[in-house]
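Counting the sequence shown from 1 gives a position; the numbering used here is that position plus 323. For each residue, glycine too, the CB sits at the ideal point set by N, CA and C. Right, one structure below, let's go through it.
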Amino acid sequence: MNLIGKGSKITMGILSGNPQDEPLHYGEVFALWSSLFAAKGALDGYQVYINHTGDKELKAFLKQVIQSSIKPAIKDLEQVLVQNDIQIPPTPAERPEADLEQIPIGARLQDAQIAYIVAADISAGVVACSQGMSQSIREDVGLLFGKLGAKKAKDGAALLQIMKDKGWLVPPPLHHDTKSSDKQQLCKMM
């Protein structure tokens, strides 16, 4: 507990000092460690997807996400965990680039399939970042999850546009309000 002077009054504050000097609670540790583990897995997976995609725009998107989102996230998450003496998960070895034509056709992932997998990964990451942010009591940890979530949302929007442009997006059933007389009759009966 810190005693904080405000004007001529002294008030007691719990965890009210420098956030980096405060201990992490177990939820924060788990969220940070899990996010780092997932980011390292995504780095490995996205490198595989780069080898499998033939679409230049999707390949450029994956490379951009690795450089501007995944690698910085790994660095930031590792920094917080190491500063708090938390053992970090292992880092997989970098994947070498492969020639798409050397991968048998039956073993290749299709471009649309890769886009769906990455879209699901990004969506799950946004939810995980929101959860990590909401359970954080250390401001720096909450802000880190907010920053990571915002990057994921931006990446998701960019991928959505690619999927729309390429015709890969399969929308759920779309609702069209027909204002039919049957609906109006049903509403009047209720």
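- Lys379 has its alpha-carbon roughly 10 Å from the corresponding atom of Leu385.
- Shown here for His375: same chain residues with a beta carbon closer than 6 Å to its own, the five before and five after excluded, namely Arg431 and Leu432 in chain order.
- Short of 8 Å from the beta carbon of Gly377, and not among the five residues preceding or following it, lie these beta carbons of its own chain, in chain order: Leu423 and Asp434.
- Taking a cut-off of 8 Å for Cβ pairs, the segment 465-475 and the segment 385-404 touch, as three or more such pairs fall below it.
- The straight-line gap separating the alpha-carbon atoms of Val371 and Arg418 is approximately 7 Å.
- For Asp367, the enclosing alpha helix (DSSP H) starts and ends at Tyr349 to His375.
- Going by beta carbons, Ile373 and Ala438 fall outside the 8 Å limit.
- Under a 10 Å Cβ-count criterion, Glu462 is classified as exposed, with fewer than 16 other Cβ atoms of the shown protein chains found around its own Cβ.
- For Pro395, the enclosing alpha helix (DSSP H) begins and ends at Lys394 to Gln406.
- Per the coordinates, the alpha-carbon of Trp491 lies some 37 Å from the alpha-carbon of Glu351.
- For the 8 Å CB-CB criterion, Asp367 and Pro415 form a contact.
- Under a 10 Å Cβ-count criterion, Gly429 is classified as exposed, with fewer than 16 other Cβ atoms of the shown protein chains found around its own Cβ.
- Leu467 places its beta carbon less than 8 Å from that of Asp399.
- A straight line joining the alpha-carbon of Val464 with that of Met456 spans about 7 Å.
- Between the C-alpha atoms of Tyr349 and Asn407 there is a straight-line separation of about 12 Å.
- The three-state secondary structure of Val493, taken from DSSP, is coil.
- In the three-state DSSP reduction, Ser459 falls in the coil class, being neither helix nor strand.
- Scanning its chain for C-beta atoms nearer than 8 Å, with the 5 sequence neighbours on each side dropped, one finds around Gly364 the residues Pro415, in chain order.
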